[in-house]
Amino acid sequence: MAPRLQLEKAAWRWAETVRPEEVSQEHIETAYRIWLEPCIRGVCRRNCKGNPNCLVGIGEHIWLGEIDENSFHNIDDPNCERRKKNSFVGLTNLGATCYVNTFLQVWFLNLELRQALYLCPSTCSDYVMGDSIQEEKDYEPQTICEHLQYLFALLQNSNRRYIDPSGFVKALGLDTGQQQDAQEFSKLFMSLLEDTLSKQKNPDVRNIVQQQFCGEYAYVTVCNQCGRESKLLSKFYELELNIQGHKQLTDCISEFLKEEKLEGDNRYFCENCQSKQNATRKIRLLSLPCTLNLQLMRFVFDRQTGHKKKLNTYIGFSEILDMEPYVEHKGGSYVYELSAVLIHRGVSAYSGHYIAHVKDPQSGEWYKFNDEDIEKMEGKKLQLGIEEDLAEPSKSQTRKPKCGKGTHCSRNAYMLVYRLQTQEKPNTIVQVPAFLQELVDRDNSKFEEWCIEMAEMRKQSVDKGKAKHEEVKELYQRLPAGAGLSKCFTYLIFYIQQHPCEWLQKWLDESTPTKPIDNHACLCSHDKLHPDKISIMKRISEYAADIFYSRYGGGPRLTVKALCKECVVERCRVLRLKNQLNEDYKTVNNLLKATVKGNDGFWVGKSSLRSWRQLALEQLDEQDGDVDQSNGKMNGNTLNKEESKEERKEEEEELNFNEDILCPHGELCISENERRLVSKDAWNKLQQYFPKAPEFPSYRECCSQCKILEREGEENEALHKMIANEQKTSLPNLFQDKNRPCLSNWPEDTDVLYIVSQFFVEEWRKFVRKPTRCSPVSSVGNSALLCPHGGLMFTFASMTKEDSKLIALIWPGEWQMIQKLFVVDHVIKITRTEVGDVNPSETQYISEPKLCPECREGLLCQQQRDLREYTQATIYVHKVVDNKKVMKDSVPELNVSSSETEEDKEEAKPDGEKDPDFNQSNGGTKRQKITHQNYIAYQKQVIRRSMRHRKVRGEKALLVSANQTLKELKIQIMHAFSVAPFDQNLSIDGKILSDDCATLGTLGVIPESVILLKADEPIADYAAMDDVMQVCMPEEGFKGTGLLGH
74 MAPRLQLEKA
84 AWRWAETVRP
94 EEVSQEHIET
104 AYRIWLEPCI
114 RGVCRRNCKG
124 NPNCLVGIGE
134 HIWLGEIDEN
144 SFHNIDDPNC
154 ERRKKNSFVG
164 LTNLGATCYV
174 NTFLQVWFLN
184 LELRQALYLC
194 PSTCSDYVMG
204 DSIQEEKDYE
214 PQTICEHLQY
224 LFALLQNSNR
234 RYIDPSGFVK
244 ALGLDTGQQQ
254 DAQEFSKLFM
264 SLLEDTLSKQ
274 KNPDVRNIVQ
284 QQFCGEYAYV
294 TVCNQCGRES
304 KLLSKFYELE
314 LNIQGHKQLT
324 DCISEFLKEE
334 KLEGDNRYFC
344 ENCQSKQNAT
354 RKIRLLSLPC
364 TLNLQLMRFV
374 FDRQTGHKKK
384 LNTYIGFSEI
394 LDMEPYVEHK
404 GGSYVYELSA
414 VLIHRGVSAY
424 SGHYIAHVKD
434 PQSGEWYKFN
444 DEDIEKMEGK
454 KLQLGIEEDL
464 AEPSKSQTRK
474 PKCGKGTHCS
484 RNAYMLVYRL
494 QTQEKPNTIV
504 QVPAFLQELV
514 DRDNSKFEEW
524 CIEMAEMRKQ
534 SVDKGKAKHE
544 EVKELYQRLP
554 AGAGLSKCFT
564 YLIFYIQQHP
574 CEWLQKWLDE
584 STPTKPIDNH
594 ACLCSHDKLH
604 PDKISIMKRI
614 SEYAADIFYS
624 RYGGGPRLTV
634 KALCKECVVE
644 RCRVLRLKNQ
654 LNEDYKTVNN
664 LLKATVKGND
674 GFWVGKSSLR
684 SWRQLALEQL
694 DEQDGDVDQS
704 NGKMNGNTLN
714 KEESKEERKE
724 EEEELNFNED
734 ILCPHGELCI
744 SENERRLVSK
754 DAWNKLQQYF
764 PKAPEFPSYR
774 ECCSQCKILE
784 REGEENEALH
794 KMIANEQKTS
804 LPNLFQDKNR
814 PCLSNWPEDT
824 DVLYIVSQFF
834 VEEWRKFVRK
844 PTRCSPVSSV
854 GNSALLCPHG
864 GLMFTFASMT
874 KEDSKLIALI
884 WPGEWQMIQK
894 LFVVDHVIKI
904 TRTEVGDVNP
914 SETQYISEPK
924 LCPECREGLL
934 CQQQRDLREY
944 TQATIYVHKV
954 VDNKKVMKDS
964 VPELNVSSSE
974 TEEDKEEAKP
984 DGEKDPDFNQ
994 SNGGTKRQKI
1004 THQNYIAYQK
1014 QVIRRSMRHR
1024 KVRGEKALLV
1034 SANQTLKELK
1044 IQIMHAFSVA
1054 PFDQNLSIDG
1064 KILSDDCATL
1074 GTLGVIPESV
1084 ILLKADEPIA
1094 DYAAMDDVMQ
1104 VCMPEEGFKG
1114 TGLLGH
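Using our numbering, the first residue of the sequence shown is number 74, and each one after it goes up by one.
This is the structure in structure tokens:
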């Protein structure tokens, strides 16, 4: 089908030869495109917006082609949650509990530990009644052993692909959102489990932790003088091996057992010699457990950073470990085979992910346990794979060493578990106790019921989808109305959405509920179908319309009777005017060249004449009905209320034709430069396009009110110029800021000086410079310098320093002139007097009115409080290099605005044009009186401006708050300067800032402060920086959990 614009032109081509009064029914039907042929599927690739009979490309391909049953529902196959045959059960990660899951899987595959836990008596006798389980309530384990029993039973015989360990985690009191030290968790939980089982009567249960994990070594100290040995026996559950500086596991073990010399200040007190002697100390392994846990100390405390860090170095280890060379008593069986490797992925000690590679003791197969996902390794071989890829590789990443057969290298392994090798294969079959098996069976029954329920829901959705498919398929075949007018009425439906066919698409899609049909937005002013909306309408058959309206409701129904003749006639008139516009434009241009004679002309605005063709086009488009705009509104792209209000306001502000010569009173403007005379013929031509334009014949008089105002304005300007000239002549030195008195250097020729506000002086200077633009200043306004009690707010000392910018000193002669020229509300003066008979006598300065101490103190307190209670303020941090701070002197800026553009703007002004420090931020010409109520707020502005700091090279500006701690500031500085908090030495005004918990307000950091930063040597391991960025709160470990003081 032809494009939409071509269809639009074809529908109205007849308007070129048909006058509006000659429009017939045939022309109306053509305009509404009733006779367009429907599109055929396969020929038309997408929906034709210009053809109301095109019903192709509205989503019907989903229903007419092959249907996938899975498209009728969004329910996953419940069998995906079922445990695979000959596989293990996973554990849900509750947020950051992957470290718990890895150890649970390792302990579960320790058959001896699992068997012993099953033998542990349970307190669930109240739950089990006879041989059956109470159906009315769920089983809730009470102790850690019961939690492990139930968890291990589910891991062994559950039908689920993974189970939820939240009961076990909650019983331990662990924070599921915080990742903890996995090695510390292993130690604490083993200690807790041993303490819990030690109360059992069955020795196989009571001693299982010692039998499986407990070994013994001795700290042996030998005196070099007498050779006496001192032994200190100690049990261990894992060997903590330092890996720093080593590449092989055997090297780590050798370092753990190496001999240490005790010499110098570290000498040993020998009881045999009764004195301190040189000695040697080492660890001797006396016995080894069945399960040997080797903790690789990857997470170490860094003294330089003050935090933990991870050592991402490769360590090689073999699958077979012979411990006989390291044991004191030879001759036993000390050959171990690898049974588990626990992995931590990530470069930081405070983030990452924990997984475990564990060997099935019965089948010898290796499995990777990754929370819910469990993967079986091929060929009964350990394959570390992508676990060795760092999440954030660095440039200094070392290459992985080559590993021989039976050996492995890992940079992420943090614990290795070895089992004592035996000649016989383990044939231990661990049976789940009956009461636990009943609990597992009940959970499996719930799971099977859930699977059946999900399968039934899937089946119902599929059946419903198939029925809808057949219905839609049949209805779509009968949806087209066909070309032309049949005996049956044809209906046009429309629904406001993002697409012209949105309603039909929603009906076909059914992913969201279909809304009622709404045709109101496409009606014209005559409550019929607007011809401009036909491009976003669709014609359907009466049969389909009856079904849609009966099922979904809405309206109004639009039949062939809804075709609007009035709109078609008006559109025809507009189109003909559009076609005629170019010819009329040439005609008007020729008419404008002719000279207007007599009073036959008309006044037209010059701006309107320049753009009359464009205005005519826009006006015709509005009458024609802006199709694109209506599409936008119909398609749901309507602007929000605020945007639409702004658009309407802009449209109102845009002047229509000839309104540019209207005065505010609606009459002809007095400025003849903005208008010109045109002939009567030209005006008649223009009036065809602008019939409502204001008409001004050449004999029309200008607005009388505007003439009066113009005359008054000229008189006022002359008066203002005269006043300004008189005041400038009377006060020349005050205007030019010359020969001004100074309190710190009192002039000898006078004993009295008067005070006015600097604001008054600056406003007066503005008026004198530009009397036609600024209003004259009538009052001095000294009340702004006084408190409510009538007392002065400034001391003599402050007026010589920080408050000198707020006042202006006046000579007595100038004061007399000020009293004549302005209204003086309050007289403020300072008198110098000599006190005492001693020569030279003491000089005193007395102010009238006197200082109000209470208000002055309140003002100072408020100023100090404001400096300590800011919420968003700028401070500057300057990095010091070699104890040298390079800064250029900068004059405090007095600008009201804190932006750089305003500062640059002020600097660009010539002398005498700068806004005074006392000026208001709005920059208006009219003076704003300063009252006591806003005086404190006004003083805040003065303080901020007078203390403004100009940023220099090497400094960075930071936004801070007074209640922010020093530690939080250090984190900001770290992001700005890439200096870790522990490397930052901060000071302000020579005072060292060291208390990380103190707030900036208590430390004396105020807005515009400059903090000096001296950085220590950078860290060699940049991964430590990542650790610091993640540790903003003190590390509490397992404090408050059930692992401590259970």
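By construction, the Cβ of each residue, glycine as well, lies at the ideal position given by its N, Cα and C atoms.
Simplified DSSP state of residue i, which is helix, strand or coil
i: H29; result: Nothing in the structure corresponds to residue 29, since the chain is present only between 74 and 1119.
i: V162; result: coil
i: T323; result: helix
i: N339; result: helix
i: Q1006; result: Per-residue confidence for Q1006 stands at a pLDDT of 39, beneath the threshold of 50, marking its modelled position as unreliable; the derived number appears in the next sentence. Three-state result, Q1006: coil.
i: L654; result: helix
i: V669; result: coil
i: E529; result: helix
i: V954; result: strand
i: F675; result: strand
i: I1065; result: strand
i: M1047; result: helix
i: H426; result: strand
i: L270; result: helix
i: R301; result: coil
i: E410; result: strand
Residue i - partner residues in DSSP beta bridges
i: G628; result: D591
i: E313; result: Q368
i: E344; result: Answer by DSSP bridge pairing: none, since E344 is not bridged.
i: N1058; result: K1087
i: F390; result: H481
i: Q350; result: Y341
i: Q917; result: T906
i: W756; result: None, per the DSSP bridge assignment.
i: E740; result: E740 is not bridged to any residue.
i: T1072; result: T1038
i: G288; result: F309
Other residues of its chain near residue i: CB distance less than 8 angstroms, five sequence neighbours each side excluded
i: F309; result: C287, G288, E289 and Y290
i: E392; result: E410, L411, L455, G479, T480 and H481
i: I148; result: M527, M530, R531 and S534
i: N297; result: Q350, N351, A352 and T353
i: P474; result: K320, Y387, G389 and C482
Inter-residue CB distance, residue i and residue j (contact presumed, cutoff 8 angstroms)
i: E747; j: G678; result: 6 angstroms
i: L261; j: L1116; result: 4 angstroms
i: R371; j: I416; result: Not really, about 11 angstroms apart at Cβ, beyond 8 angstroms.
i: D898; j: S856; result: 5 angstroms
Same chain, Cβ closer than 7 angstroms to residue i, five either side skipped, listed in chain order
i: I1046; result: V950, V1052, Q1057 and L1086
i: M890; result: S803 and L804
i: V282; result: M263, L266, E267 and L270
i: K334; result: T353
i: Y399; result: I326, L330 and L358
i: A1093; result: With a pLDDT of only 43 at A1093, under the threshold of 50, the placement of this residue in the model should not be trusted, and no figure is reported.
Sequence-distant residues of the same chain with beta carbon closer than 6 angstroms to residue i, five excluded per side
i: K1040; result: D1069
i: A226; result: V505, L509 and V513
i: F329; result: L314
i: E1036; result: The residue you asked about is not Glu; residue 1036 is Asn in the sequence shown. Excluding positions up to five away in sequence, the list reads T1072.
*asked:* With three or more C-beta pairs closer than 8 angstroms as the rule, is the region 241-260 touching the region 538-550?
replied: no
*Evaluate contact between the region 942-954 and the region 1077-1090, counting only Cβ atoms and requiring at least three cross-stretch pairs below 8 angstroms.*
yes
*Is the region 340-355 touching the region 260-278 in the sense that three or more CB pairs, one from each, lie closer than 8 angstroms?*
no
_Can you confirm whether the region 929-939 touches the region 882-893 when touching is taken to mean that 3 or more C-beta pairs between the two stretches lie within less than 8 angstroms?_
no
*Three or more C-beta pairs closer than 8 angstroms, one from the region 118-134 and one from the region 606-618: is that the case here?*
yes
*Tell me, please, whether the region 442-456 touches the region 188-197 by the rule of three or more beta-carbon pairs shorter than 8 angstroms.*
no
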